[in-house]
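Engineer:
2 protein chains.
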Amino acid sequence: MMMLGRGPDARDNQTRQIRDAVSNVEKHFGELCQIFAAYVRKTARLRDKADLLVNEIYAYAATETPNLRVGLKNFADEFAKLQDYRQAEVERLEAKVVEPLKSYGTIVKLKRDDLKATLTAKNREAKQLSQLEKTRQRNPSDRHIIAESELQRASMDATRTSRQLEETIDNFEKQKIKDIKDIFSEFVTIEMLFHGKALEIYTAAYQSIQNIDENEDLEVFRSSLHPPDYQSRLDIVRANSKSPLQRNSSLKFSSGMVQN
Amino acid sequence: MMMLGRGPDARDNQTRQIRDAVSNVEKHFGELCQIFAAYVRKTARLRDKADLLVNEIYAYAATETPNLRVGLKNFADEFAKLQDYRQAEVERLEAKVVEPLKSYGTIVKLKRDDLKATLTAKNREAKQLSQLEKTRQRNPSDRHIIAESELQRASMDATRTSRQLEETIDNFEKQKIKDIKDIFSEFVTIEMLFHGKALEIYTAAYQSIQNIDENEDLEVFRSSLHPPDYQSRLDIVRANSKSPLQRNSSLKFSSGMVQN
């Protein structure tokens, strides 16, 4: 009596609950997939800008004095290496996070079809079971025997399909939690690998910058402005401008006036 | 003679060399500024996507079984914390790398005006000096004395301005190397601070994911599909469907047929 009265409601409720659970996973895994993909794309854009930075530092370094040139070149070498690791990060995230989430869409669809078939069978059998119960109650006559055997078969089928549905949804849930744990663990591992490399590389890059000897470069810059032959010419000019004063002592007075 | 013949060329060459050096710094610091700014913007875009990811993980976690919910929520908490550090990274890079490079444009302009004035004075004085030399050589008469005193003053002025120019360009070079070292060191320090925090935070985030107990969640999911009153109704139905078989032994044959 209770099953006839409230059974179908409970079944509908359970059916709805399972369908909602699967749709919910489908929806959220889809959104996670899109946002992770966007995160990976932005990481790739960041790598692009870092590559431009590497090229510009090389270009600038080439125009500079030796110490600055070497320091900046070494920095750019290290920074370029980091971008290779960022590229590896992008490819790994694509393969281990975005792709599994994307293919999960297909998996969820297949599992939903699976579930739908099982749910349909379960509902059909449950209806048949309650139909037979009604027949049995209305006809306690000779048709009773056939009804009883059909009732028994329907009952066993319903039980078997129920167990099957339970297994299907159980596997779905188990797989889902496992996949989430796997995907998020992969994400963290890939990111940590990159951040660890970044620390290592920046430590070397920092030394490249700190090692730039400004005084040596300053000397180089100065001597580039005063080539040796120019310097000697300057000495000749100075000697020339002094010599008249030394040669003619009568100039001492007038030169003294100018100096005061 | 050498100065009259090749001096102006050497001076022009030096002037061009200094101007080129300053223009080169202006050009490359400008480009570095733009690319660093783009790098910072892309980092901010990455943070935006990560923020979306945080929100989506919270939204999904809210729909899930307790262990998954807590695990994902803890992960999102950690990941959100990392985005706060990324925001700090963005602000620090803006303040310590992009701004100094941007304001360097103004500094370079001022220094270039400075250099231009000094170079102009130096060139004017050098011309005056060579003019006086010519006058001295052509007029060994009474105007010679005035010419000699003017020559001496012009020579001293040229020497003083030369020294001034040397100091100006020296300071410019010194400041430039110091600023490059400072800006790149700040860049590396800010990035390392972020990567260090990332490693720390991801270590905690990894634990949040690993700690998710799938078996406990599976039990919760199962019992949510079979509420206690439904379970008891199911038992009643099973008892009802079994009772006719137990009551009527004549059904054994037909039920056996169904089972084979």
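Protein chains in written order, with this note's numbering: chain A, 6 to 265; chain B, 6 to 265. Backbone N, C-alpha and C define an ideal beta-carbon position, used for all residues, glycine too.
Give the straight-line distance between the Cα atoms of A/Gln-264 and B/Leu-156, rounded to the nearest whole angstrom.
Structural biologist: Any reading at A/Gln-264 must be qualified, since the residue scores a pLDDT of 38, below 50, and its modelled position is unreliable; the value itself is stated next. The alpha-carbon atoms of A/Gln-264 and B/Leu-156 are separated by roughly 12 Å.
Engineer: So, does the CB of B/Glu-205 fall closer than 7 Å to a CB anywhere in chain A?
Structural biologist: Chain A contact via Cβ: absent.
Engineer: Please determine, among B/Lys-54, B/Ile-62, B/Ile-195 and B/Asp-218, the residue with the shortest C-alpha to C-alpha distance to A/Phe-34.
Structural biologist: Here the closest residue by C-alpha is B/Ile-62.
Engineer: Name the chain A residues whose beta carbon is nearer than 7 Å to that of B/Gly-201?
Structural biologist: Those are Leu-204, listed as they occur along chain A.
Engineer: How far does the alpha helix (DSSP H) with A/Asp-218 in it extend, from its first residue to its last?
Structural biologist: From DSSP, A/Asp-218 is part of no alpha helix (DSSP H); its letter is neither H nor E.
Engineer: 7 Å is my cut-off, CB to CB: does B/Ser-254 come that close to chain A?
Structural biologist: Residue confidence is low: B/Ser-254 scores 41 on pLDDT, short of 50, so the model does not pin down where it sits. No coordinate-derived value is stated.
Engineer: Compute the Euclidean distance between the alpha carbons of A/Asp-162 and A/Glu-130, then round it to the nearest angstrom.
Structural biologist: Distance between the alpha carbons of A/Asp-162 and A/Glu-130 is about 7 Å.
Engineer: Answer with buried or exposed for A/Asp-222, where buried requires no fewer than 16 other C-beta atoms within 10 angstroms of its C-beta.
Structural biologist: Per the 10 Å Cβ criterion, buried.
Engineer: Apply the 10 Å Cβ neighbour rule to A/Thr-208 and answer buried if 16 or more other Cβ atoms are within range, or exposed otherwise.
Structural biologist: Result: exposed.
Engineer: Can you grab the Cα-Cα spacing for the pair B/Lys-139 / B/Lys-132, in whole Å?
Structural biologist: Approximately 11 Å, taken between the alpha carbons.
Engineer: Given A/Ala-85, which residues of its chain have a CB within under 6 Å of its CB, disregarding the five upstream and five downstream residues?
Structural biologist: Cβ neighbours of A/Ala-85 beyond the five flanking positions: Val-59.
Engineer: Return the Cβ separation of A/Pro-71 and A/Val-225 in integer angstroms, given the expectation that the two are a contact with Cβ distance under 8 Å.
Structural biologist: Right, the Cβ-Cβ distance comes to about 6 Å (below 8 Å), so this counts as a contact.
Engineer: Counting only beta-carbon separations shorter than 7 Å, does B/Leu-106 have a partner in chain E?
Structural biologist: This model lacks chain E altogether; the protein chains it does include are A and B.
Engineer: Taking B/Asp-82 as the reference, give the member of B/Glu-99, B/Lys-107 and B/Gln-212 with the closest Cα.
Structural biologist: For the residues B/Glu-99, B/Lys-107 and B/Gln-212, the minimum Cα distance to B/Asp-82 belongs to B/Gln-212.
Engineer: Assuming A/Phe-177 and A/Val-103 are in contact, meaning their beta carbons sit under 8 Å apart, how far apart are those beta carbons, in whole angstroms?
Structural biologist: With a Cβ gap of about 22 Å, A/Phe-177 and A/Val-103 do not count as contacting.
Engineer: Does any CB atom of chain A fall closer than 7 Å to the CB of B/Asn-128?
Structural biologist: Not closer than 7 Å to any Cβ of chain A, the Cβ of B/Asn-128 fails to qualify, so no.
Engineer: By alpha-carbon positions, which one of A/Thr-164, A/Arg-227 and A/Asn-29 ends up nearest to B/Ser-167?
Structural biologist: The shortest Cα separation from B/Ser-167 among A/Thr-164, A/Arg-227 and A/Asn-29 belongs to A/Arg-227.
Engineer: Could you tell me how far apart the beta carbons of A/Ile-195 and A/Glu-94 are, in whole angstroms, since I believe they sit closer than 8 Å?
Structural biologist: About 6 Å; that satisfies the 8 Å criterion.
Engineer: If you reduce the DSSP assignment to three classes, tell me which class B/Leu-250 lands in.
Structural biologist: The pLDDT assigned to B/Leu-250 is 43, lower than 50, so where the model puts this residue is not dependable; a value taken from the coordinates is nonetheless given after this. In the structure shown, B/Leu-250 sits in a helix (DSSP, three-state: H, G or I).
Engineer: Would you call the CB atoms of A/Leu-73 and B/Ile-182 closer than 7 Å?
Structural biologist: Contact: yes.
Engineer: Let me make sure I understand the geometry here. Which of B/Tyr-90, B/Ala-64, B/Cys-38 and B/Arg-50 has the alpha-carbon closest to that of B/Ile-206?
Structural biologist: The candidate whose alpha carbon is nearest that of B/Ile-206 is B/Tyr-90.
Engineer: Closer than 8 Å, Cβ to any Cβ of chain A: which residues of the segment 167–199 of chain B, in chain order?
Structural biologist: Listed by position, the residues of the segment 167–199 of chain B near chain A (Cβ gap below 8 Å) are Glu-171, Ile-174, Asp-175, Glu-178, Lys-179, Ile-182, Lys-183, Ile-185, Lys-186, Phe-189, Ser-190, Val-193, Thr-194, Glu-196 and Met-197.
Engineer: Distance, Cα to Cα, A/Val-75 vs A/Ile-217?
Structural biologist: Spanning the two alpha carbons is a distance of roughly 8 Å.
Engineer: Which residue comes first and which comes last in the alpha helix (DSSP H) that contains A/Val-102?
Structural biologist: Element bounds for A/Val-102: n/a, residue is neither H nor E.
Engineer: Using the beta-carbon of each residue, which ones in chain A are nearer than 7 Å to B/Glu-219?
Structural biologist: Simply Lys-179, Ile-182 and Lys-183.
Engineer: Taking the alpha carbon of A/Val-113 as the reference point, which residue from A/Gln-215, A/Leu-204, A/Val-27 and A/Ser-160 has its own alpha carbon closest?
Structural biologist: With distances taken between Cα atoms, A/Val-113 lies closest to A/Val-27.
Engineer: According to DSSP, is A/Ala-67 part of a helix, a strand, or is it coil?
Structural biologist: Of the three classes helix, strand and coil, the one that applies to A/Ala-67 here is coil, per DSSP.
Engineer: Nearest CA to the CA of B/Glu-96: which residue from B/Asn-79, B/Ala-49 and B/Asp-25?
Structural biologist: Considering only alpha carbons, the answer is B/Ala-49.
Engineer: Quick check: A/Gln-88 and A/Asp-118, are their CB atoms within less than 7 Å of each other?
Structural biologist: Taking 7 Å as the Cβ cut-off, A/Gln-88 and A/Asp-118 do not qualify as a contacting pair.
Engineer: With a Cβ-Cβ cutoff of 7 Å, do A/Lys-179 and B/Ile-214 count as a contact?
Structural biologist: Contact: no.
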